[in-house]
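K.L.:
First to last, the sequence lines map onto chains A and B.
Here the first sequence is numbered in the working numbering, starting from 96 and rising by one per residue.
Here the second sequence is numbered in the working numbering, starting from 96 and rising by one per residue.
2 protein chains.
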Amino acid sequence: MKNITRNNLTDTVKSSFSNIEDERLRHLVNRLSHHLHAFASETQLTHEEWREGIAFLHRAADISSPSRSEFTLLSDVLGLSSLVDLMAARPGATEGSVLGPFHTRGSPWMDNGSNLIRNNPGDPVLIRGRVTDIHGQALPEATIDFWQNADNGMYWQMDDTQPQDNLRCQMKVLPDGHFELVTIRPRPYLVPTDGPVGELLRVSHRDAWRPAHYHVIVEAPGYRSLITEVFDSSDPWVDKDAVFGVRASLVCDFKSESDSHTAARLGLPAQYFAIDLPIRLARED
Amino acid sequence: MKNITRNNLTDTVKSSFSNIEDERLRHLVNRLSHHLHAFASETQLTHEEWREGIAFLHRAADISSPSRSEFTLLSDVLGLSSLVDLMAARPGATEGSVLGPFHTRGSPWMDNGSNLIRNNPGDPVLIRGRVTDIHGQALPEATIDFWQNADNGMYWQMDDTQPQDNLRCQMKVLPDGHFELVTIRPRPYLVPTDGPVGELLRVSHRDAWRPAHYHVIVEAPGYRSLITEVFDSSDPWVDKDAVFGVRASLVCDFKSESDSHTAARLGLPAQYFAIDLPIRLARED
Numbered sequence: 096m097k098n099i100t101r102n103n104l105t106d107t108v109k110s111s112f113s114n115i116e117d118e119r120l121r122h123l124v125n126r127l128s129h130h131l132h133a134f135a136s137e138t139q140l141t142h143e144e145w146r147e148g149i150a151f152l153h154r155a156a157d158i159s160s161p162s163r164s165e166f167t168l169l170s171d172v173l174g175l176s177s178l179v180d181l182m183a184a185r186p187g188a189t190e191g192s193v194l195g196p197f198h199t200r201g202s203p204w205m206d207n208g209s210n211l212i213r214n215n216p217g218d219p220v221l222i223r224g225r226v227t228d229i230h231g232q233a234l235p236e237a238t239i240d241f242w243q244n245a246d247n248g249m250y251w252q253m254d255d256t257q258p259q260d261n262l263r264c265q266m267k268v269l270p271d272g273h274f275e276l277v278t279i280r281p282r283p284y285l286v287p288t289d290g291p292v293g294e295l296l297r298v299s300h301r302d303a304w305r306p307a308h309y310h311v312i313v314e315a316p317g318y319r320s321l322i323t324e325v326f327d328s329s330d331p332w333v334d335k336d337a338v339f340g341v342r343a344s345l346v347c348d349f350k351s352e353s354d355s356h357t358a359a360r361l362g363l364p365a366q367y368f369a370i371d372l373p374i375r376l377a378r379e380d
Numbered sequence: 096m097k098n099i100t101r102n103n104l105t106d107t108v109k110s111s112f113s114n115i116e117d118e119r120l121r122h123l124v125n126r127l128s129h130h131l132h133a134f135a136s137e138t139q140l141t142h143e144e145w146r147e148g149i150a151f152l153h154r155a156a157d158i159s160s161p162s163r164s165e166f167t168l169l170s171d172v173l174g175l176s177s178l179v180d181l182m183a184a185r186p187g188a189t190e191g192s193v194l195g196p197f198h199t200r201g202s203p204w205m206d207n208g209s210n211l212i213r214n215n216p217g218d219p220v221l222i223r224g225r226v227t228d229i230h231g232q233a234l235p236e237a238t239i240d241f242w243q244n245a246d247n248g249m250y251w252q253m254d255d256t257q258p259q260d261n262l263r264c265q266m267k268v269l270p271d272g273h274f275e276l277v278t279i280r281p282r283p284y285l286v287p288t289d290g291p292v293g294e295l296l297r298v299s300h301r302d303a304w305r306p307a308h309y310h311v312i313v314e315a316p317g318y319r320s321l322i323t324e325v326f327d328s329s330d331p332w333v334d335k336d337a338v339f340g341v342r343a344s345l346v347c348d349f350k351s352e353s354d355s356h357t358a359a360r361l362g363l364p365a366q367y368f369a370i371d372l373p374i375r376l377a378r379e380d
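1) Which residues mark the beginning and the end of the beta strand (DSSP E) in which residue 224 (chain A) is found?
2) Is it the case that the CB of residue 285 (chain B) approaches a heavy atom of the ligand GTP more closely than 7 Å?
3) Helix, strand or coil, according to DSSP, for residue 369 (chain A) in the structure here?
4) Closest to residue 155 (chain B) by CA distance: which of B:176, B:199, B:145 and B:167 is it?
5) Buried or exposed: where does residue 340 (chain A) fall if 16 or more other Cβ atoms within 10 Å of its Cβ makes it buried?
6) Expressed to the nearest angstrom, what Euclidean distance is found between the alpha-carbon atoms of residue 342 (chain A) and residue 293 (chain A)?
7) Would you decide whether residue 285 (chain B) is buried or exposed? Buried here means 16 or more other CB atoms lie within 10 Å of its CB.
8) Using DSSP's beta-bridge definition, name the partner residues of residue 241 (chain A).
9) Can the beta-carbon of residue 159 (chain A) be found closer than 8 Å to that of residue 196 (chain A)?
10) According to the neighbour-count rule (16 or more other Cβ atoms, all chains shown, within 10 Å of its Cβ), is residue 353 (chain A) buried or exposed?
11) Closer than 8 Å, CB to CB, is residue 104 (chain A) near chain B or not?
12) CB-CB under 7 Å to residue 282 (chain A), same chain, minus the five flanking residues each way: which ones, in chain order?
13) Is it true that the CB of residue 115 (chain A) sits closer than 8 Å to the CB of residue 299 (chain B)?
14) Within the 8 Å Cβ cut-off, does residue 197 (chain A) reach chain B?
15) According to a CB-to-CB cut-off of less than 8 Å, which residues of the stretch 224-255 of chain A neighbour chain B?
16) In this structure, does DSSP put residue 271 (chain A) in helix, strand or coil?
17) Does the Cβ-Cβ distance between residue 202 (chain B) and residue 263 (chain B) come in under 8 Å?
18) Determine, using beta carbons only, whether residue 237 (chain A) and residue 314 (chain A) come nearer to each other than 8 Å.
19) What residues in the stretch 114-135 of chain B have a beta carbon less than 9 Å from any beta carbon of chain A?
20) Identify whether residue 354 (chain B) lies in helix, strand or coil by the three-state DSSP scheme.
21) Chain A beta carbons: is any one of them nearer than 8 Å to that of residue 144 (chain B)?
22) So which of A:335, A:322 and A:372 has the shortest CA-CA distance to residue 273 (chain A)?
23) Can you name the start and end residues of the beta strand (DSSP E) that residue 151 (chain B) belongs to?
24) For residue 100 (chain B), return the contacting residues in chain A, with the cut-off set at a CB-CB distance below 8 Å.
25) Give the DSSP-derived three-state secondary structure of residue 343 (chain A) in the structure shown.
26) For residue 344 (chain A), which residues from the same chain have a beta carbon less than 8 Å from its beta carbon, with the 5 sequence-adjacent residues on both sides left out?
27) In three-state DSSP terms, what is residue 171 (chain A)?
28) Is it a yes or a no for the stretch 118-133 of chain A touching the stretch 133-150 of chain B, going by three-plus beta-carbon pairs under 8 Å?
29) Using C-beta distances below 7 Å, list every residue in its chain close to residue 375 (chain B), excluding the 5 sequence neighbours before and after it, in chain order.
30) Quick test of your reading: residue 311 (chain B) and residue 174 (chain A), contact by CB under 8 Å. State the CB separation rounded to the nearest angstrom.
31) By the three-class DSSP mapping on this structure, what secondary structure does residue 405 (chain A) have?
32) Would you tell me roughly how many angstroms separate the C-alpha atoms of residue 253 (chain A) and residue 275 (chain A), rounded to the nearest one?
33) Quick check: what's the CA-CA separation for residue 184 (chain B) versus residue 316 (chain A)?
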């Protein structure tokens, strides 16, 4: 168009994308253009602010690496990741929560009832779960992908003192949907604050803590995969997660137990903590 | 907050930024959060689409370098850069247009009436300008920063066959605000298409051409700096600039002239092109 003005620019941009063949992509680019322009118009964005925004993206790029995505962290602290998780929820199914940056494929497969503690310090915890559909019917083909941080707050990928694959595993459920897993209590930790997202948190006087949590991915053929987290109700940060991942239904009480039969069977000390984890999956759409 | 839901998430995110002390930054982050969430909500953005978006940003980062910003190019092809330029306009002043990636500071200072052609092939052009305020009063302290591409479509920074500082200069205007400059006709060229922005243009069946243009920055003490472009009305791409930079007021007719006195005075051939460039600056706010 030979005469771009404030009145015709946004429509001209949208129509420049009208030949995208994929209907869904066309819609996404249209709405992205709409909201970017609305943001700039509403705020009367200046050249200097625009330049600072571009520089922020380059700083985020510069501190990213194959094992760290500052763009993901930005999405997390802006609540965008959490929103996408919440929208993926289905009625009656367990709620999802953020995947986080420390999931990698290929955790070792372990037998039901395995003990992940080995040489890890920390409070021993028995996780008792059952995977069902939204009506409570067992899903015997379900699998669990589990990972957490160590007692020092770090995941094995960030910590040379931990053995490879520390505190993570994959597991098949029993024919009645139950599974058991022995591990330690997770720890709260700080999201990385040495990049531009850390600058944003500091200038906002926001905390960078994530409350202690376990990560689980639960999958079963014919059902929607669930990516979620399980939080410790006694954690002081459970009310102010830096990435907005906490949902009331995912907060568990770690109950003190001392069942000698269970302790002997699973290699637990006489006194241990236990949580119950019912997982309900919705059918694929 | 212990229970993040779709109903309270966006407000929780906004209020997490309510302690930003700088009022303007607080407003910008609030509106950015608002529009990001509105975009994701309206489109019911899926995990897979979110992941593709994050991957797009990383591909943009990977192809960027100190002399190439794929994020700027993305802003350009989404019309965001043009919007910021249009909003910076002031009534009565010459309109702005995109700075582009090839401006660097420190062009050589040249005398009024200088000839930039040297060994460049191309059609010779006389640019005749005058810098005034919005009422037509000359601004004798105004300076011009001028740059353009060569006859092969490339700027000197991208082309080893051109001498350093080819076809660019800085110049002071005369006491009556006039300036003259002899150069060649600019050429249309393609924005870089080997990165993710190129993918977006291809899937949109959009052209990657920018119509031929000169770049100028005009500054005068006490007045708003003007960053703008001057387009060639005969260029076939003037109707479909890939970055939405064309405004009717910036499109010039390159008139054929043959004034022998002018040609002799400025080192032009008998037949040359000429454009007239009135520049009006608004006072600083």
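Ideal Cβ positions, reconstructed from N, Cα and C, are used throughout, including at glycine.
P.N.:
Inspection of the coordinates gives the following:
1) Where residue 224 (chain A) is concerned, the enclosing beta strand (DSSP E) stretches over 219-228.
2) With respect to the ligand GTP, the structure offers nothing, as it holds no ligand at all.
3) Reduced to three states, the DSSP call for residue 369 (chain A) is strand.
4) Comparing alpha-carbon positions, the option among B:176, B:199, B:145 and B:167 lying closest to residue 155 (chain B) turns out to be B:167.
5) It counts as buried.
6) Cα-Cα distance, rounded: 24 Å.
7) Answer is exposed; the Cβ neighbour count stays below 16.
8) Residue 241 (chain A) pairs with A:264 and A:311.
9) No, the Cβ-Cβ distance between residue 159 (chain A) and residue 196 (chain A) is not below 8 Å.
10) In this structure residue 353 (chain A) is exposed. Its beta-carbon is surrounded by fewer than 16 other beta-carbon atoms within 10 angstroms.
11) Closer than 8 Å to some Cβ of chain B, the Cβ of residue 104 (chain A) qualifies, so yes.
12) Around residue 282 (chain A): 244, 246, 248 and 307.
13) For residue 299 (chain B) and residue 115 (chain A), yes; Cβs fall inside 8 Å.
14) Taking Cβ atoms only, chain B never reaches closer than 8 Å to residue 197 (chain A), which makes this a no.
15) The stretch 224-255 of chain A vs chain B, Cβ under 8 Å: nothing.
16) It is coil, neither helix nor strand.
17) Taking 8 Å as the cut-off, the Cβ atoms of residue 202 (chain B) and residue 263 (chain B) count as close.
18) Taking 8 Å as the Cβ cut-off, residue 237 (chain A) and residue 314 (chain A) qualify as a contacting pair.
19) Here the close residues are 114, 115, 116, 117, 119, 120, 121, 122, 123, 124, 126, 127, 128, 129, 130, 131, 132, 133, 134 and 135.
20) In this structure, residue 354 (chain B) counts as coil in the three-state DSSP scheme.
21) True, the Cβ-Cβ gap to chain A drops below 8 Å.
22) Closest option to residue 273 (chain A), judged by alpha-carbon separation, among A:335, A:322 and A:372: A:372.
23) Premise fails: residue 151 (chain B) lies in the alpha helix (DSSP H), 142-158, not in any beta strand (DSSP E).
24) Those within 8 Å of residue 100 (chain B) in chain A are 181 and 342.
25) Note: residue 343 (chain A) maps to helix in three-state DSSP.
26) Here the set comprises 189 and 190.
27) In this structure, residue 171 (chain A) counts as helix in the three-state DSSP scheme.
28) Segments in contact, yes.
29) Excluding positions up to five away in sequence, the list reads 187, 188, 189, 227, 228 and 229.
30) Not a contact, Cβ separation roughly 43 Å.
31) As displayed, chain A neither begins before 96 nor continues past 380, which places residue 405 (chain A) out of reach and without an answer.
32) Between residue 253 (chain A) and residue 275 (chain A), the alpha-carbon positions lie close to 27 Å from each other.
33) Rounded to the nearest whole angstrom, the CA to CA distance from residue 184 (chain B) to residue 316 (chain A) is 58 Å.
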